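*Asks:* Quick one: this structure, given as structure tokens, is what I'll be asking you about.
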Amino acid sequence: MFKRVVTEQYPDVKEPTRPRYHGRHQLNRHPDGLEKCVGCSLCAAACPAQCIRVVAAENDPEDRVSAGERYAAVYEINLSRCIFCGYCELACPFDAITMGHDYEMADYNRSDLIFTKEMLLADPIERAPLRREGE
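So the sequence shown is residues 4 to 138, counted in the working numbering.
Below, the structure written as structure tokens:
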């Protein structure tokens, strides 16, 4: 009759997320290494929390950054303001920004919660479970 409640042993045992879970943001690249983001700012316009900042610049034909005429010279997401709604992902016509399943993003300083373009282009860090001294 009663459902037995089991205590999760986090962080040693992590509950897997659902397939549609909105976690850490990630900027993607084409297979040839060019960035998918063309700096159109549609993600910033769709964001209800106004936590995305995009500054576009013109592509140099000799040293291309993205496949389009422009690229995002600055791309920042303030995760302390983000509500993880996924509107940025839906608004992007190039699938440049996606949201993964990483949920361990806590930090002690607000300034560390501003993810820059370089941080968003990098693969998410595999978080190791915390262990107590002597284990």
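Note that CB positions come from ideal geometry on N, CA and C, so glycine has one too. Note that the structure is a prediction, hence the values are computed from the model and not measured.
Quick one: residues in its chain with C-beta nearer than 8 Å to the C-beta of E11, no 5 flanking neighbours on either side, listed in chain order?
*Replies:* If we look at E11 and ignore the five residues flanking it on each side, its Cβ neighbours are E18.
*Asks:* To the nearest angstrom, how far is it from the Cα of N62 to the Cα of S44?
*Replies:* About 16 Å.
*Asks:* In whole angstroms, what separates the C-alpha of A70 from that of E38?
*Replies:* Looking at the two C-alpha atoms, the distance is approximately 7 Å.
*Asks:* If you check the beta carbons only, do Q29 and L123 fall under 9 Å apart?
*Replies:* Yes, they are a contact pair.
*Asks:* In whole angstroms, what separates the C-alpha of R67 from that of N31?
*Replies:* Their Cα atoms are separated by approximately 16 Å.
*Asks:* In whole angstroms, what is the alpha-carbon distance linking A140 and V9?
*Replies:* As shown, the chain starts at 4 and ends at 138. That puts residue 140 outside it, with no answer to give.
*Asks:* L30 lies in the beta strand (DSSP E); which residues open and close that run?
*Replies:* H28 to L30 is the extent of the beta strand (DSSP E) around L30.
*Asks:* Anyone know if the C-beta pair for C88 and A52 falls short of 9 Å?
*Replies:* Cβ atoms of C88 and A52: closer than 9 Å.
*Asks:* Here's the rule I'm using: 16 or more other beta-carbon atoms within 10 Å means buried, otherwise exposed. How should I80 be labelled?
*Replies:* By the 10 Å Cβ count, I80 comes out buried.
*Asks:* For the alpha helix (DSSP H) containing M108, name the first residue and the last one.
*Replies:* Here M108 belongs to no alpha helix (DSSP H), and DSSP marks it neither H nor E.
*Asks:* Check each candidate in E107, Y90 and D115 and name the one with the smallest Cα separation from A49.
*Replies:* When each option's Cα is compared against that of A49, the closest is Y90.
*Asks:* Return the CA-CA distance between H25 and G103, expressed in angstroms with no decimal places.
*Replies:* In a straight line, the C-alpha of H25 is about 6 Å away from that of G103.
*Asks:* For K120, count neighbouring C-beta atoms within 10 Å of its own C-beta (all shown protein chains included) and say buried if the count is 16 or more, exposed if not.
*Replies:* Answer is buried; the Cβ neighbour count reaches 16.
*Asks:* Count the other C-beta atoms from every protein chain shown that fall within 10 angstroms of the C-beta of V58, then say buried if there are 16 or more, exposed otherwise.
*Replies:* Exposed, since its Cβ has fewer than 16 Cβ neighbours within 10 Å.
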